[in-house]
Amino acid sequence: MEFERREEHKRNEKLEEILKDINGMLAPVESQSIQSFKKNKYPIVLIMGSPRSGTTLLLQWLASSGYFCYPTNMLSRFYEFPYIGSKIQLMLTKYDFNNEIFDFKEEIPFDSNLGKTKGALAPNEFWYFWRRFFHFGEIQQLNEEELASIDHQKFVSELAAIEAVFDKPFSMKGLIVNWNIPFITSIVEKVLFIYIKRHPFYNIQSLLNARINYYDDIKAWYSFKPPEYVDLKNCSPYEQVAGQVYFTNRAIEEGLARVEDAKVLEIAYEEFCQSPDLVFKQIINKFKLQGYQADWPYKGPARFSNTNKISLSCEEQEKVMNAYRHFSGETLTL
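Structure (structure tokens):
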């Protein structure tokens, strides 16, 4: 059954058409321009986790620090030519003399709507860029043959080229490859996976609310589908989302178990909200383990508001708890 997005979440078809045209025109130029970029200079930061686990807040926080470059809403328009797009962004923002063209706001607000942010320089999920290289079907896991067909050198060259424009480590969401983490480590030499994990009940609750916000229907699947979707699609919404969170986190943890410790940082959403400065220090330490000295003073917020508040009815709470226990064998406590 197909579910229709709510009006505010529908694609703008005219914009999509323009973007397709301009990206098609400049993609060949991009291919020539990035040939000298073979690998990234700094560790690339990839944010991993289940949807609605705090990944957007984490990216906004990294972006606001000023120490990282990241995909902006502006840059996302240039998904076929992000290197050229990065130069355009720099020209229109940092080197816009006396704000003659635009008056861009450089501050990064810590709010979003289902991962979407507002503002030209606000962080973007960059999924169009990812999908250029990773050709997913209904689920977001590729087999060995499909992975072998990816133009991985071009993928790495694009990231290295963006990094070179801003001369900062590049950070972005990597949720779309939650199921192919070992492949990423095989093609990207310097990488730091930051895996953010939220209390399962609140993660599930947030995903249930996202279904209603996005589709106006709790039965509509929201966000990425694990391989177990084949079985989950026949379950109740509560079982679907509980399974989505459980199996996604399990896949991430299994993938990261095959990655060397210097390239992995696991954090709890709740602890990140309480002490972001400690997470910042952990990132710096992981960078040092990879040979990059990041002597950055922390200038960010002392804490964030923890949004873990119960909004489900008692009956719905019980359905969530039972569903998660069914998959994990774990009894959640609130």
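Residue numbers (my numbering): 1160 to 1493.
Glycine included, each C-beta is placed from N, C-alpha and C at the ideal position.
Asked                                                                                                                                           : Found
First and last residue of the alpha helix (DSSP H) that includes ILE1203?                                                                       : Taken as a continuous stretch (DSSP letters only), ILE1203 belongs to no alpha helix (DSSP H), being part of the beta strand (DSSP E) at 1203 to 1207.
Rounded C-beta distance between ILE1355 and GLY1459? I'm assuming under 8 Å.                                                                    : 16 Å between Cβ atoms; not a contact.
Quick check: the Cα distance between ILE1298 and PHE1352, rounded to an integer number of angstroms?                                            : 21 Å
Among all the DSSP beta bridges, which residues are the ones paired with LEU1351?                                                               : VAL1204
Return the bridge partner residues of SER1329 from the DSSP annotation.                                                                         : Before going on, a small fix: residue 1329 reads as Phe here, not Ser. Note: PHE1329 sits in a beta bridge opposite CYS1228.
On the three-state DSSP scale, how would you describe ILE1335?                                                                                  : helix
Return the first residue and the last residue of the beta strand (DSSP E) that ILE1426 is part of.                                              : 1423 to 1427
Cα separation between GLU1322 and LEU1174?                                                                                                      : 27 Å
Beta-carbon within less than 6 Å of ARG1370's beta-carbon, same chain only, minus the 5 sequence neighbours each way: which residues are those? : ILE1377, ALA1379 and TYR1381
When you compare the CB positions of LEU1216 and ILE1206, do they come within less than 7 Å of one another, or not?                             : no
Quick check: the Cα distance between ASN1232 and TRP1220, rounded to an integer number of angstroms?                                            : 16 Å
Could you pull the start and end residues of the alpha helix (DSSP H) that THR1344 belongs to?                                                  : 1340 to 1346
For THR1492, is the classification buried or exposed, using 16 other Cβ atoms within 10 angstroms of its Cβ as the cut-off for buried?          : exposed
Just to confirm, is the Cβ distance from TYR1483 to ALA1410 under 7 Å?                                                                          : no
Start and end of the alpha helix (DSSP H) containing PHE1292?                                                                                   : 1286 to 1292
Compute the distance between the beta-carbons of ASN1444 and LYS1349, then report whether it is under 7 Å.                                      : no
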